[in-house]
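Shown next, in structure tokens, is the structure this report addresses.
4 protein chains.
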Amino acid sequence: MRLKLGMVGGGKGAFIGGIHRIAARLDGHWDLVAGAFSSDPERAAQSAAELGIAAQRSYDSFAAMAKAEAARPDGIDAVAIVTPNHLHPPVATAFLRAGIPVICDKPLATTVEDAEALVKLVAETGLPFILTQTYTGYPMVREARALVAAGRIGRVRHVQVEYLQDWLAMPAESSGNKQAAWRTDPAQSGPGGCIADIGTHAFNLATFVTGLVPSAVLADLTAFGPDRALDDNAAILLRFGEGAKGMIWASQVAPGAKNGLRIRVAGEAGGLLWDQERPDDLEFTPVGKPTRTLRRGGDGVLTPARLPAGHPEGYLEAFATLYAEAAGQVREFRNGTKSGRDIVLPTVSDGLAGMRFIVAGVRSNEEGGIWVRL
Amino acid sequence: MRLKLGMVGGGKGAFIGGIHRIAARLDGHWDLVAGAFSSDPERAAQSAAELGIAAQRSYDSFAAMAKAEAARPDGIDAVAIVTPNHLHPPVATAFLRAGIPVICDKPLATTVEDAEALVKLVAETGLPFILTQTYTGYPMVREARALVAAGRIGRVRHVQVEYLQDWLAMPAESSGNKQAAWRTDPAQSGPGGCIADIGTHAFNLATFVTGLVPSAVLADLTAFGPDRALDDNAAILLRFGEGAKGMIWASQVAPGAKNGLRIRVAGEAGGLLWDQERPDDLEFTPVGKPTRTLRRGGDGVLTPARLPAGHPEGYLEAFATLYAEAAGQVREFRNGTKSGRDIVLPTVSDGLAGMRFIVAGVRSNEEGGIWVRL
Amino acid sequence: MRLKLGMVGGGKGAFIGGIHRIAARLDGHWDLVAGAFSSDPERAAQSAAELGIAAQRSYDSFAAMAKAEAARPDGIDAVAIVTPNHLHPPVATAFLRAGIPVICDKPLATTVEDAEALVKLVAETGLPFILTQTYTGYPMVREARALVAAGRIGRVRHVQVEYLQDWLAMPAESSGNKQAAWRTDPAQSGPGGCIADIGTHAFNLATFVTGLVPSAVLADLTAFGPDRALDDNAAILLRFGEGAKGMIWASQVAPGAKNGLRIRVAGEAGGLLWDQERPDDLEFTPVGKPTRTLRRGGDGVLTPARLPAGHPEGYLEAFATLYAEAAGQVREFRNGTKSGRDIVLPTVSDGLAGMRFIVAGVRSNEEGGIWVRL
Amino acid sequence: MRLKLGMVGGGKGAFIGGIHRIAARLDGHWDLVAGAFSSDPERAAQSAAELGIAAQRSYDSFAAMAKAEAARPDGIDAVAIVTPNHLHPPVATAFLRAGIPVICDKPLATTVEDAEALVKLVAETGLPFILTQTYTGYPMVREARALVAAGRIGRVRHVQVEYLQDWLAMPAESSGNKQAAWRTDPAQSGPGGCIADIGTHAFNLATFVTGLVPSAVLADLTAFGPDRALDDNAAILLRFGEGAKGMIWASQVAPGAKNGLRIRVAGEAGGLLWDQERPDDLEFTPVGKPTRTLRRGGDGVLTPARLPAGHPEGYLEAFATLYAEAAGQVREFRNGTKSGRDIVLPTVSDGLAGMRFIVAGVRSNEEGGIWVRL
């Protein structure tokens, strides 16, 4: 039984809304059936139409949507909130009060008070609330967490996280980059820049993997970009309740790093290393033994995966690209049009070439290893 | 406008059918609306029900399906064929004759004659025919092809492909592994084992990237598994029309390699290296210059990608895992049940912890870099 | 003209003394001709004999050695000091006062006062004084420094250094490891443990590569080993005069890291990454361009190297191993003995096999690619 | 007791002679005391003088040298032959006949007949004969060999070797590169180009690691360089007596590869992977278990090494560079000259900076983690 999903935010031109929709589709559990995609009614309606949403379930406001969907017998099973950050609390509140589970993009809010109020409301309503801290979905991050929890590296001593990007190395905010503009504006982003945007990911990853409870923080934040009001580089020390230590280097001005999230955990009995740029591998070193590379879906790994080991996570995307382009070809065929662009999709003649290769190869071998024409 | 997809094969317990369905869903171009999921009517019906297919569009045979779907005004726009290999030709033939475009899993057929007949039929019908050679969908494989086509590495001299797996290192076929059983059986797989199963992928990749036309092949095929009738290791030399040379090592008995597809191209003016186990990177070396690592979606790369650079392809899967588990939580909530298993999904309290981290970090910094309690 | 080297410390059983001797021999600039290898006269004499030092130039004390060598017309051109750390200042002082240049292992001293006194004395004497901070000798570290100095990455913003080992993850000091025993003893090592042993390397590397002047430090030091008096893990923040920031994580309890020294520099116009475990590569990313892997001796690299690119630094060691084993064989031949152990050295029959391979390969090719017996 | 080494070839401007001398010096077993460095008497004498060889032991011809050294009571213990390849047999013959052990650069000869004659002569004389196949000296190559010999990967099935360079990608022989000129000239190199120059290394490595006996070869050799008489690219298949298979791709026209020697061995019970560009690591995968990265000198590794794990092989070279530059400084000091060039050698003030860093860091920590000025 598929579930019905609504969405607030994520209209035309948005980035993360599209990611949420792909994620919701991928395993086939959700149908997107309703949305308040924009505060601009025209734009909301247009986005809804493009997404195949029935007109009566495209709403002009999240408040109207929460009310109407709660009232329908076939109302949505959950709402995905993909608005700018400062809207997360009011939208989440509206849907929680309407009895509708929430899937909310991170960060939860822009103030501690708002966040606390949401925690309280979730407790009162008893509703599911999912915060999409993406990396907690990586199989090998979960494997790391499971290894720590199972005591495989002993008591944790130090946890180190790097989260490095380089897209703010240049003053992107003054050259028309909208993402850069709002993320460097305290009015829209709150008091933290880099520490809030990606530092929290690093912080969450540290606690997610180790299970440690943080007790104190010391931060040296810098805005290197000229005339930049918020930090774009964060050097952070952490202390945890159990005596463990931690460090975070989060930076958006680190050339060479596109989205380099990397965690290293040093425990009494072993160590772990995971790097988002090579997400299928987890390096596990028991003290006094060689490093073992645990691979998603591979030997000795407990966390389930969609694909067998060695099919990297991009495999599904590569496959989906073929289907997307097949859709393009079929549409052109239906329309009687031709795009004229270079078609790289493999087709029946490629299949024939493959067959000829196999048969010629088998013959070459049968005759003792001779050259056979193709 | 979404397109309507039918599927032949891929019922309960199948592997590649599920991959096709994920791929078809990912970008939202296709709805699966019909299928002949199994030759066993009961199983076909059950699979259809689980996939949410209307009962009247679940068929007992591909022939009946082709006929009925062609006749419906809302008939399928294309069929995906994910049966065992020897059925690809008859199924494809039936749908092509019914005027329905085909998306067919590789290999196209088990004989050259069948493949030739399909090429002819596709030409006659003028219908789209897509063979799902997966790796041709990787952005950086396409980037490699584009660089070669643009003359960036000059005339190609040598192309080297390795495709290594280790799942047949042990006699898996005699220990109940069904995949291993049929793939090592000439009656079901035809004359080639490893050369047909993965050697063709390597061969296709070599020609896809370089655009070279192969002229001759020499193969040394070996069955290392005890009592194995088909090759599990293929050492292959290639010659191409333009004087270029090539080699393929395909093996299913190479411990340490899970699905190691790797291509290196040596051209007159530069070289390329791509490895499926690190699919986001393409190494490009112009003669006499340092190697440049081109990254999917990154600086200087032309091939489009779903995500910005540094978000590895697994990012979408990680995201989708959160949505899949959110579905589980919402279902339990609807049912009033509790699974009792460890919930690792981030929730509202994680969001609160993140806010506290940001605020404490900003305060630490404002006061000159002091420790602040969390 | 070769120079004459003396050595203080480094007798039988020492570690770093042997490294200094290899380093002094490698390029053929130095002959070791004198030494005070131990404070134990018998042991000193025995070490000298084994090293081929004439008996009259083996000394019982460094004071005697400084005096005698300064007086000889053929006295040493420099002394290498490889004693325990607390002896560095008195030994260096004795030789400087005797007018003899000094090559001193790091760290310079165990107190700031001793270090300051040495700085003063060196200035007064005008003698060469070399501190062997090893990594400053790596070609690609120098290349990094040169790139920064040439402005290729613009103004430096952040410098990150990790120096990770795991040999103190277990309480090695209580299981008979002498290195561990003295390094964890404040009486012998001074107030710093890990921060002094390897943290200073990280600190020196940061300033060597960037040329930045450090202005302030904040350290969180921990002794994780049970009953360990000195820190074995150091989390350190740095500030530099020019507004740049830095972080150091130095640890001797990080399982999986053997000697992982890694530096990343983020500049206004580009970034650099170097890792001692892959010392031949330097990653250089100009802002907005793909990462380039600069290789020791390779295209576009200015720093000279002993070997062409691609011959990793271990090449010389591999070669030297053959020579060392050849010495063993020749000695056995001279003595008429046989060791009976497995000889892996290639010999004349390997050369014959190689010739046969070439000739058979050429014939195979000449006859169009056929199998030829070996 | 050090041994006395003579050398034939390797005068001014030669490449490999210098490598042999470094290798001979590194462990301190050899003193170079005699040589016939060139067939040009003046050049021979000049080279000898520069190398510190006594004039009476600098010879004009290898024949004279063999005779004279055999007659001296303090004659050489072995000769190193580093001439062009075609001279290896006559020189080796002269010294063997004079009763002097031989260390000979590879390849042994340029014809099978010459090689066979040498094998016979070595057997007759009973003298040590070492062929410097460099990579057999790498600790992790030896570890690989030991693992195979100990049955850790079971019966070997397939061995794959790549040896890739790119220095002949352009027509270097026509632009004044002497190395390129003689290596592409059949008159000086014999019938094989790339197959002889580096293909034999790959072949030797395959047999060295696996212990397999080769039985047949099939080669597809190509000269891609314009007007090049000898092959610069070799695609080779191998068969071994025990039913194992092998492939070699050797190329000197592969842009991006500087000296990429890489071997992969697939055995019944496990697999191995070693890459000369990362010589300290050996990947070992037992069937059905995660890959383990064995590191030179590290946990679970039996082959001895000069240095502990994590000190990469370049460590000694970095150290030696400091000593070489120290020699330069001491010479300048002795001469009262100044080079005026940028001195990067660490000195006493660097040591002071390090002490200040330690003391400030310890104080920062003692006061609870505060900023302390440097």
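Protein chains in written order, with this note's numbering: chain A, 1 to 374; chain B, 375 to 748; chain C, 749 to 1122; chain D, 1123 to 1496. For every residue, glycine included, the Cβ atom is placed at its ideal position computed from N, Cα and C.
Practice task
Kindly say whether A71/A, judged by its beta-carbon, lies nearer than 7 Å to any beta-carbon of chain B.
Solution key: Numbered from 1 along the first sequence, position 71 holds the residue referred to as residue 71/A. The Cβ of A71/A sits no closer than 7 Å to any Cβ of chain B.
Practice task
Evaluate T574/B with the Cβ neighbour count: other Cβ atoms within 10 Å of its Cβ, from every protein chain shown; 16 or more gives buried, anything less gives exposed.
Solution key: Start at 1 with the first residue of the second sequence, and residue 574/B comes out as number 200. Here T574/B is buried: its Cβ has 16 or more other Cβ atoms, across all protein chains shown, within 10 Å.
Handout entry: Among A45/A, W371/A, G9/A, D114/A, the one whose alpha carbon lies nearest that of A609/B
Key = Counting from one through the second sequence, the residue named residue 609/B turns up at place 235. Restricting attention to A45/A, W371/A, G9/A, D114/A, the CA atom closest to the CA of A609/B is found in W371/A.
Handout entry: chain D residues whose Cβ lies nearer than 9 Å to that of T303/A
Key = Translated into the one-based positions of the first sequence, residue 303/A becomes position 303. In chain D, no part has a C-beta under 9 Å from the C-beta of T303/A; the shortest such distance is about 14 Å.
Problem - C-beta neighbour in chain A for L985/C, strict 7 Å - result: On the third sequence, residue 985/C is found 237 positions in, with the first residue counted as 1. Yes - at least one Cβ of chain A is within 7 Å of the one on L985/C.
Handout entry: For V348/A, the three-state DSSP class (helix, strand or coil)
Key = Along the first sequence, read from residue 1 onward, the residue named residue 348/A stands at position 348. In the structure shown, V348/A sits in a helix (DSSP, three-state: H, G or I).
Practice task
Determine, using beta carbons only, whether D1307/D comes closer than 7 Å to chain A.
Solution key: Counting from 1 along the fourth sequence, the entry for residue 1307/D is found at position 185. Residue contact check for D1307/D against chain A: no CB pair falls below 7 Å.
Handout entry: Check whether A1066/C and T1256/D have beta carbons under 7 Å apart
Key = Numbered from its first residue, the third sequence carries residue 1066/C at position 318. Numbered from its first residue, the fourth sequence carries residue 1256/D at position 134. Yes; because the gap between Cβ atoms is below 7 Å, this pair is in contact.
Problem - F693/B at chain A interface by Cβ criterion, 7 Å - result: Working through the second sequence from its first residue, we reach residue 693/B at position 319. Yes - at least one Cβ of chain A is within 7 Å of the one on F693/B.
Practice task
With a threshold of 6 Å, establish whether the CB of A771/C neighbours any heavy atom of the ligand COA.
Solution key: This structure lacks the ligand COA; in fact it carries no ligand of any kind.
Exercise for the section: Counting only the same chain and skipping the five closest in sequence on each side, list residues whose C-beta sits under 7 Å from that of C942/C. Expected result: Indexing the third sequence from 1 puts residue 942/C at position 194. Only D979, D980, N981, A982, A998, S999, Q1000 meet the Cβ criterion.
Practice task
Let me know the alpha helix (DSSP H) ranges lying completely inside the stretch 5-60 of chain A, each 4 residues or longer, listed in chain order.
Solution key: Fully enclosed alpha helix (DSSP H) runs of 4 or longer: 16-26, 41-50.
Practice task
Could you work out which residues of chain D lie near T200/A, taking near to mean beta carbons separated by less than 8 Å?
Solution key: Translated into positions along the first sequence, residue 200/A becomes position 200. Result: empty, since nearest Cβ-Cβ is about 22 Å, beyond 8 Å.
Practice task
Determine the burial state of D488/B: buried for a count of at least 16 other Cβ atoms within 10 Å of its Cβ, exposed for fewer.
Solution key: Locating residue 488/B in the second sequence gives position 114, where the first residue counts as 1. Looking at its Cβ environment, which holds 16 or more other Cβ atoms inside 10 Å, D488/B is buried.
Handout entry: Burial state of T1039/C (16 or more Cβ within 10 Å)
Key = Taking the first residue of the third sequence as 1, we reach residue 1039/C at position 291. With 16 or more Cβ atoms within 10 Å of its Cβ, T1039/C is classed as buried.
Exercise for the section: Taking only the alpha-carbon atoms, compute the straight-line gap between R1453/D and W930/C and give it to the nearest angstrom. Expected result: Numbered from its first residue, the fourth sequence carries residue 1453/D at position 331. Numbered from its first residue, the third sequence carries residue 930/C at position 182. Rounded to whole angstroms, R1453/D to W930/C spans 36 Å at the Cα level.
Practice task
Mind checking the stretch 1028-1042 of chain C against chain B and listing, in chain order, the residues whose C-beta falls within less than 7 Å of any C-beta there?
Solution key: Listed in sequence order: G1036, K1037, P1038, T1039, R1040, T1041, L1042.
Practice task
Kindly give me the distance between the Cβ atoms of N85/A and P101/A, rounded to whole angstroms, as I take these residues to be in contact under 8 Å.
Solution key: As a working note, residue 85/A is residue 85 in the first sequence. As a working note, residue 101/A is residue 101 in the first sequence. Wrong, their Cβ atoms sit about 20 Å apart, outside the cutoff.
Practice task
Classify V1331/D as buried or exposed, calling it buried when 16 or more other Cβ atoms lie within 10 Å of its own Cβ.
Solution key: Numbered from its first residue, the fourth sequence carries residue 1331/D at position 209. V1331/D should be labelled buried.
Practice task
Measure the CB-CB distance between R602/B and T667/B and report whether it falls below 7 Å.
Solution key: The residue labelled residue 602/B in the question sits at position 228 within the second sequence. The residue labelled residue 667/B in the question sits at position 293 within the second sequence. No. Outside cutoff.
Problem - Reference N204/A, options H20/A, A320/A, R145/A, closest by Cα - result: Locating residue 204/A in the first sequence gives position 204, counting from the first residue. Nearest of H20/A, A320/A, R145/A to N204/A, Cα basis: R145/A.
Practice task
To the nearest angstrom, report how far apart D1397/D and G1197/D are at their CA atoms.
Solution key: Counting from one through the fourth sequence, the residue named residue 1397/D turns up at place 275. Counting from one through the fourth sequence, the residue named residue 1197/D turns up at place 75. When rounded, the distance between both Cα atoms is 40 Å.
Handout entry: Segments assigned beta strand (DSSP E), at least 3 residues, entirely inside the stretch 1186-1230 of chain D
Key = DSSP runs (the beta strand (DSSP E)) wholly in the stretch 1186-1230 of chain D: 1200-1203, 1224-1227.
Exercise for the section: Assuming D166/A and V1035/C form a contact by the criterion Cβ under 8 Å, report the distance between their Cβ atoms to the nearest whole angstrom. Expected result: The residue given as residue 166/A occupies position 166 in the first sequence. The residue given as residue 1035/C occupies position 287 in the third sequence. Contact between D166/A and V1035/C holds, since their C-beta atoms are separated by about 7 Å, short of 8 Å.
Problem - Length at least 3, wholly inside the stretch 105-142 of chain A: the beta strand (DSSP E) runs in chain order - result: Within the stretch 105-142 of chain A, the runs of beta strand (DSSP E) at least 3 residues long that lie entirely inside it are, in chain order, 129-132.
Exercise for the section: Return no unless some Cβ of chain A is closer than 7 Å to the Cβ of T970/C. Expected result: Position 222 of the third sequence, counting from 1, holds the residue named residue 970/C. The beta carbon of T970/C sits closer than 7 Å to some beta carbon of chain A.
Exercise for the section: Determine the burial state of G52/A: buried for a count of at least 16 other Cβ atoms within 10 Å of its Cβ, exposed for fewer. Expected result: Residue numbering aside, residue 52/A sits at position 52 when the first sequence is read from its first letter. Classification for G52/A: exposed.
Exercise for the section: Specify whether the stretch 1389-1405 of chain D and the stretch 264-274 of chain A touch according to this definition: at least 3 beta carbon pairs, one from each stretch, less than 8 Å apart. Expected result: Flag = no, the stretch 1389-1405 of chain D and the stretch 264-274 of chain A do not touch.
Handout entry: According to DSSP, residues forming a beta bridge with Q927/C
Key = In the third sequence, counting from the first residue as 1, residue 927/C sits at position 179. The beta-bridge partner set that DSSP reports for Q927/C is empty.
Exercise for the section: Drop a sphere of 10 angstroms on the beta-carbon of D571/B, count the other beta-carbons inside from all chains shown, and report buried for 16 or more, exposed for fewer. Expected result: Numbered from 1 along the second sequence, position 197 holds the residue referred to as residue 571/B. Result: buried.
Handout entry: Contact set for G1140/D: own chain, Cβ-Cβ below 8 Å, skip 5 residues either direction
Key = Reading the fourth sequence from its first residue, position 18 is the one you call residue 1140/D. Within the same chain, and ignoring the five residues on either side of G1140/D in sequence, the residues whose Cβ sits closer than 8 Å to its Cβ are G1132.
Problem - Against chain D: residues of the stretch 622-634 of chain B by CB proximity under 8 Å - result: Result list: W623, S625, V627, A628, P629, G630, A631.
Exercise for the section: Would you give the residue range spanned by the beta strand (DSSP E) that L237/A belongs to? Expected result: Translated into positions along the first sequence, residue 237/A becomes position 237. L237/A -> beta strand (DSSP E) spans 233-240.
Practice task
Pull up the distance between the alpha-carbon of D350/A and that of A524/B, whole angstroms please.
Solution key: By one-based count along the first sequence, residue 350/A stands at place 350. By one-based count along the second sequence, residue 524/B stands at place 150. For D350/A and A524/B, the distance between alpha carbons rounds to 22 Å.
Problem - When Y1445/D, A1193/D, G1157/D are compared against A1177/D, the one with the closest alpha-carbon - result: As a first step, residue 1177/D must be located in the fourth sequence, where it is residue number 55. Checked all of Y1445/D, A1193/D, G1157/D; the closest Cα to A1177/D is G1157/D.
Problem - 8 Å Cβ shell around R598/B - same chain, five flanking residues per side excluded - result: Here residue 598/B refers to the residue found at position 224 when the second sequence is read from its first residue. The amino acid at residue 598/B is misidentified as Arg; the sequence shows Phe. If we look at F598/B and ignore the five residues flanking it on each side, its Cβ neighbours are D606, N607, V627.
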